[in-house]
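Residue numbers (this note's numbering), protein chains in the order written: chain A, 164 to 493; chain B, 164 to 493. Think of the CB as a built atom: it goes at the ideal place given N, C-alpha and C, for glycine as much as any other residue.
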DNA sequence: TATAAGAATGACAACGTTGTCTTAACCGGT
DNA sequence: ACCGGTTAAGACAACGTTGTCATTCTTATA
């Protein structure tokens, strides 16, 4: 910047003014400065700038996902990027792998780089460690799962309601014995979905058979094995509900292997690519990951724009998409 | 930091020494400093630190992908994150959407934040604009596609060879009329794949029928329409090769709609989730996105560690995975 | 013509760190 | 008691910017 000022024959401060678009610069000097910037291929150093600025904004946010490579996370990521980029804000992304320690260390890395805000899909359950950070002015929004011991903006989907809708759909098709495959119960969304299953059965006065429930399953293979086992209880279930997309795929694999995919109904939570091309196509309770990301990012930027109102808790609804597998009759 | 120094009763510089693990600090002072850091919940400011440090390292890199939400990109992303995080380096991710202007502006945002390095899946074809950046010391690696007008480290997969293997496989099954669906020819990988198709046909002395080729297709729907049209030429192809995963899905959709999925062979470039559960399961030429990411990140860090040797061009091979759709006989 | 008000510009300090250099304290050997 | 050498600690400047304030110049008004 010093060199630019020298070449343009102006002071450092004038260059700074031109770069920041401050009005009090004559057209003459401004164009001289711009020419010098061009000629020297000068690049503004935002790190230094944000260090000195009074608002201290770095124009970067941190995004903590379960895994940047999973489709739900990356759809969220994409929408957040869209909202952020429109404002010239860049996104640091990191994967927690459902590991509380990794969550903390990633967030520490984010904050040590002085991000303006954090969007968090939490893996842990106690977020009091973020209190200081918040007091220091970092905006934050929790997405998909709630924060623990921290009063903070949150955007969720209606996990319990969505599951109840899926279960009610199966019951309406005549099913009475519905198996359930669930993810780690420590994940709040998984617990809510399981609650939805239990509550809907109860509401419809159906007895819940504990032999038809398998929880704490992680990944396609575990789900496939568990589904296989469920299908061999007697009497067997006539329908399965899978509480997450990988579990749905695992369940479908098991059904295919036993050649039961046209005889046992299947409804899954979370939509996934190609669900419509399987045989039968899979009925799902679809979350709109993009909408979730958009809502979270917009809430974050509202805070960054100075909104100091009490914490907002938004809940997006989910949609049952019937495609065939959920309409198989007992 | 000043407050920490005051509380511990030492100078600023001593606190800095403790934080950076410099040896010349007595155990006594070091522990007093650490206690003060704890008590004041002090957080090191890396932005200021990297501004002052002689090496100027920000411990952040920029990653330009086609779209953070597409499975290939996000698998790449994940492996890069793994390598980077092991060294305490954070990743800014951005999506170019195949738009050259967006590529440039994202890279400008990255560099204005003084990232230490860039990993780029390029959308544009002229990267001479990066010359200054490189001269300024930013490390960079191109992945999946080559750079234009810039001599730089690159990690690719063998697109032409992979395609030839796929086509050879179809020919070996007895196919003589093989349709081809290709992505935008401006994308280098798409052009290479098409070349692989043409060259393999030529090598096996088969005539290429231009009516069986559809290029510049973007997305599932365009591919589905194009595949439908190809299948109605006369005489029709007995096999299709799709040059990209979305095109493969589109082609499969078309085959299903015409109920030809068990009579016309299909091989696709790029593996995708659930390819093995379709009916028939899809034979593909699989790229290992994770390996690509790992190789790129490792090369980048080699440069950041001071490697000044001439540009490296690495080419990873692809693997034909036979699952059924490619083994349908004419 | 004198003067106040406003606009354009620059000098300087400061943001939170680390590199460099200096000083102080201590050690063992004569 | 003195020396050279080592080690620990601090003073100060600097990284590349922007906020604050002072200065100069212009213009309109009395």
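Any chain B beta carbon closer than 8 Å to residue i
i, result
"residue 415/A", "yes"
"residue 211/A", "yes"
"residue 412/A", "yes"
"residue 290/A", "no"
"residue 178/A", "no"
"residue 333/A", "no"
"residue 295/A", "yes"
"residue 230/A", "yes"
"residue 238/A", "yes"
"residue 338/A", "no"
"residue 253/A", "yes"
"residue 384/A", "no"
"residue 474/A", "no"
"residue 277/A", "yes"
"residue 437/A", "yes"
Among the options, the one whose alpha carbon lies nearest that of residue i
i, options, result
"residue 277/A", "423/B, 223/B and 422/B", "223/B"
"residue 499/A", "271/A, 306/A and 286/A", "Missing from the structure shown is residue 499/A; chain A here goes from 164 to 493 and no further."
"residue 482/B", "212/B, 230/B, 328/B and 209/B", "328/B"
"residue 387/A", "233/A, 421/A and 461/A", "421/A"
"residue 365/B", "320/B, 330/B and 440/B", "330/B"
"residue 291/B", "300/B, 310/B, 275/B and 304/B", "310/B"
"residue 462/B", "434/B, 186/B, 316/B and 296/B", "316/B"
"residue 449/B", "407/B, 347/B, 468/B and 492/B", "407/B"
"residue 375/A", "344/A, 431/A and 207/A", "344/A"
"residue 289/A", "312/A, 306/A and 298/A", "312/A"
"residue 296/A", "314/A, 247/A and 336/A", "314/A"
"residue 303/A", "488/A, 245/A and 476/A", "476/A"
"residue 227/B", "471/B, 181/B, 492/B and 286/B", "286/B"
"residue 238/B", "347/B, 489/B, 454/B and 351/B", "454/B"
"residue 429/A", "250/A, 202/A and 400/A", "400/A"
"residue 378/A", "369/A, 169/A, 275/A and 357/A", "357/A"
"residue 275/A", "362/B, 186/B, 251/B and 258/B", "251/B"
"residue 325/B", "361/B, 187/B and 306/B", "361/B"
"residue 269/B", "268/A, 220/A, 269/A and 247/A", "247/A"
"residue 368/A", "273/A, 402/A and 338/A", "338/A"
"residue 265/B", "262/A, 266/A, 232/A and 249/A", "249/A"
Residue i, DSSP secondary structure in three states
i, result
"residue 231/A", "coil"
"residue 464/A", "helix"
"residue 393/B", "helix"
"residue 412/A", "helix"
"residue 357/A", "helix"
"residue 476/A", "strand"
"residue 226/B", "strand"
"residue 402/A", "strand"
"residue 173/A", "coil"
"residue 484/B", "strand"
"residue 440/A", "helix"
"residue 430/B", "strand"
"residue 448/B", "strand"
"residue 385/A", "helix"
"residue 492/A", "coil"
"residue 469/B", "coil"
"residue 455/B", "helix"
Cβ of residue i within 8 Å of any chain A Cβ
i, result
"residue 244/B", "yes"
"residue 346/B", "no"
"residue 442/B", "yes"
"residue 185/B", "no"
"residue 258/B", "yes"
"residue 221/B", "yes"
"residue 396/B", "no"
"residue 206/B", "yes"
"residue 274/B", "yes"
"residue 241/B", "yes"
"residue 214/B", "yes"
Residue i beta carbon near the ligand PLP (any heavy atom closer than 7 Å)
i, result
"residue 348/A", "The ligand PLP is absent from the structure shown, which contains no ligands of any kind."
Expected contact under 8 Å - CB spacing of residue i and residue j to nearest Å
i, j, result
"residue 418/A", "residue 427/A", "6 Å"
"residue 459/B", "residue 318/B", "5 Å"
- Query: Which full runs of the alpha helix (DSSP H) of 4+ residues lie inside the region 240 to 290 of chain A, going along the chain?
  - Reply: 263 to 275
- Sequence ranges, alpha helix (DSSP H) only - wholly within the region 181 to 222 of chain B, length at least 4: Runs found: 190 to 203 and 209 to 215.
- In chain order, each alpha helix (DSSP H) run of at least 4 residues that lies wholly inside the region 294 to 376 of chain A: 294 to 298, 322 to 335 and 351 to 366
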